[in-house]
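Engineer:
In our numbering, the protein residues as written are 2 to 576.
1) Using the rule of at least 16 other Cβ atoms within 10 Å of the residue's Cβ for burial, across every protein chain shown, is residue 541 buried or exposed?
2) Can you find at least 3 beta carbon pairs, one from the region 356–366 and one from the region 422–431, that sit closer than 8 Å?
3) Going by beta-carbon coordinates alone, are residue 486 and residue 204 separated by less than 7 Å?
4) Check the DSSP bridge columns for residue 286 and list the partner residues they point to.
5) With three or more C-beta pairs closer than 8 Å as the rule, is the region 62–82 touching the region 94–108?
6) With distances taken Cα to Cα, identify the nearest neighbour of residue 343 among 245, 437, 550.
7) From what residue to what residue does the alpha helix (DSSP H) around residue 340 run?
8) Is it the case that the Cβ atoms of residue 300 and residue 287 are separated by a distance below 7 Å?
9) Excluding the 5 residues preceding and the 5 following residue 13 in the sequence, name in chain order all residues of the same chain whose CB lies nearer than 7 Å to its CB.
10) Using CA coordinates, which residue listed in 525, 530, 456, 556 is at the minimum distance from residue 651?
11) Count the other CB atoms within 10 Å of the CB of residue 533; is the residue buried (16 or more) or exposed (fewer)?
12) Out of 208, 491, 363, 230, which one is the CA nearest neighbour of residue 325?
13) Counting only runs that start and end within the region 82–118, where is the alpha helix (DSSP H) found for 4 or more residues in a row?
14) If I follow the unbroken alpha helix (DSSP H) through residue 526, where does it start and stop?
15) In chain order, which alpha helix (DSSP H) runs of at least 4 residues are fully inside the region 408–473?
16) My output table needs one value for residue 35: the three-state DSSP class, helix, strand or coil.
17) Could you say which of 514, 527, 484, 502 lies nearest to residue 259 if we only look at CA atoms?
18) Span of the beta strand (DSSP E) holding residue 13?
19) Residue 83 to residue 40, Cα distance in whole Å?
20) What is the C-beta distance between residue 239 and residue 257, in whole angstroms, given that I count them as a contact (C-beta under 8 Å)?
21) Flag this pair as yes or no: are the beta carbons of residue 130 and residue 113 separated by less than 7 Å?
22) Could you tell me the distance, in whole angstroms, from the CA atom of residue 101 to the CA atom of residue 68?
23) For the alpha helix (DSSP H) that residue 552 lies in, which residues bound it at each end?
24) Going by the CB atoms, is the gap between residue 52 and residue 89 shorter than 7 Å?
25) Compare the Cα-Cα distances from residue 565 to each of 530, 552, 502 and report the closest residue.
26) Could you give the first and the last residue of the continuous alpha helix (DSSP H) run that contains residue 237?
27) Can you tell me where the alpha helix (DSSP H) holding residue 279 begins and where it ends?
28) Any contact between the region 310–322 and the region 259–274? By contact I mean 3 or more CB pairs, one from each, below 8 Å.
29) Could you give the DSSP three-state label for residue 127: helix, strand or coil?
30) For the beta strand (DSSP E) containing residue 206, list its first residue and its last residue.
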């Protein structure tokens with residue numbers, strides 16, 4: 002936070018106080034409250050709104066704002082100047098500071114702000130954010146306040162994007178979640194059975210954080226990958242290559258990745274692995290990724306977990322229990338993009354300060370193609386050509402809501418709302434990382450640390466010359482040492498969890514079918530312990546009071562059968 006030798010000075014006037022600071026009055030010298038009170042009186046605040054109160058200083062207008070807020074709306078006060086914050090906390094009414102609908106935070110760090118914001122809105126339903134400047138103090142840190150508003154707006158937007166994704170894919174995620182746990186048990190049970198259809202050379206394990214000691218290159222499937230291939234080939238032996246699923250088939254055999262990241266939960270991703278399922282390359286897979294594909298892949302597997310329901314307090318409790326049991330793998334923020342997930346994994350695998358390069362993370366369309374020419378998506382385009390079917394259809398030429406945005410090196414980039422959103426997430430999560438380097442030569446402007454291939458090579462050279470001895474780096478080291486094959490030690494805990502879920506489903510089914518009599522309290526307790534039954538319902542939210550509504554329960558009854566079938570078809574692995 003900014004602090005100065007010059008302290009803010011209270012200036013008494015006829016109608017209250019103004020503040021003199023850095024040679025400027027932060028309020029009118031005649032009527033300090035008039036402007037803010039008029040603004041609050043005239044503003045329309047919709048339901049489920051967050052009001053960002055910038056530099057409230059003396060708190061004029063806060064009482065009126067809180068009185069005007071709808072019951073489901075909230076306010077956050079933000080002050081980036083340390084001296085103004087001290088003055089403010091002394092002058093603002095304590096009843097306002099302690100109001101449950103108001104949070105006052107003093108910081109000039111976006112990360113700290115977002116952490117406090119996340120804690121404050123947990124369990125609350127916020128659809129939009131508006132900004133109100135409460136004093137002239139906003140001019141002292143205008144850039145930060147603008148950035149804070151943009152990040153909070155993006156954060157709220159991402160919450161709703163995640164919610165829409167959950168509605169569409171939530172059931173899929175939960176199904177895969179359980180099936181992948183059963184795959185782990187199947188491996189443990191059958192690993193000594195030579196006649197098993199399961200490939201016993203394929204082991205399941207946990208990722209070891211800070212275990213990779215070579216510079217990492219994350220390879221996405223965007224068009225910029227095409228221009229980076231030669232650089233990667235030339236430096237292959239000195240890099241840990243982490244490829245996304247869509248890029249894998251195009252890289253092999255010239256570039257054999259050290260690991261492939263799999264995020265997709267739907268069956269269509271299997272097309273990306275046609276002809277390359279038996280290469281014995283480690284797979285780092287989301288616990289919600291497609292289980293039928295994972296069974297077919299020959300390489301060892303390590304799971305991570307995308308926290309796809311982080312904003313729901315009930316779901317968070319469910320997954321927290323698994324974490325306490327030590328059976329939930331490495332947890333990542335939900336980002337929706339396999340490329341972003343790969344970057345997050347690279348950061349967790351690398352020891353501190355290790356250079357991490359990336360290419361193919363364009364979040365935009367290239368010339369003629371949405372992906373690298375090496376990707377399976379482009380290969381599919383060519384394989385589908387016929388006398389009556391051209392290379393391009395109308396949708397591939399003119400995707401829905403395609404727009405021009407600022408690209409790298411001052412160029413324009415074609416992008417879509419989804420891709421642009423991924424780009425914004427990159428800016429928020431990775432753009433400021435000192436050890437992240439963008440070697441992709443095209444794509445959306447990401448505010449990344451863009452470097453050319455010569456600079457990247459020099460960084461690699463310097464790394465090996467400076468750290469080889471101290472870090473004991475061996476170019477030919479075991480490429481699988483980032484996985485700890487420890488699931489056999491967790492067999493009982495996983496079995497107990499799955500048995501417990503099956504028994505709860507059976508009891509709930511018996512209650513709903515009238516076989517046993519139960520209280521509303523027990524039904525609600527059971528439902529709250531199994532949020533995967535209804536998280537994907539469009540009308541559900543964590544504040545919902547409709548858990549015992551008969552229409553809601555009739556849909557839950559259908560879900561019980563769906564998830565119970567998963568357990569019953571695999572129960573030979575838990576008995």
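All residues carry an ideal CB built from backbone N, CA and C; glycine is no exception.
Structural biologist: Checking against the coordinates, here is how it stands:
1) buried
2) yes
3) yes
4) 263, 304
5) Three or more pairs of CB atoms, one per stretch, sit closer than 8 Å, so the region 94–108 contacts the region 62–82.
6) It is 245.
7) 339–350
8) no
9) Setting aside the 5 residues that flank it on each side, residue 13 has no residue in the same chain whose C-beta is closer than 7 Å to its C-beta.
10) Nothing about residue 651 can be reported from this structure: the residues present for the chain run from 2 to 576 only.
11) buried
12) 491
13) 83–92, 95–98
14) Note, residue 526: alpha helix (DSSP H), 521–529.
15) 418–430, 454–472
16) Three-state DSSP puts residue 35 in a helix.
17) 484
18) Unbroken beta strand (DSSP E) run through residue 13: 10–14.
19) 26 Å
20) Their Cβ separation, rounded to whole angstroms, is 14 Å, which puts residue 239 and residue 257 out of contact at 8 Å.
21) Cβ atoms of residue 130 and residue 113: not closer than 7 Å.
22) Note on geometry: alpha-carbon atoms of residue 101 and residue 68 lie some 13 Å from one another.
23) 551–569
24) no
25) 502
26) No alpha helix (DSSP H) contains residue 237, which DSSP labels as neither H nor E.
27) Looking at the DSSP string, residue 279 is not in any alpha helix (DSSP H), and its letter there is neither H nor E.
28) no
29) Coil at residue 127, not helix or strand.
30) 205–208
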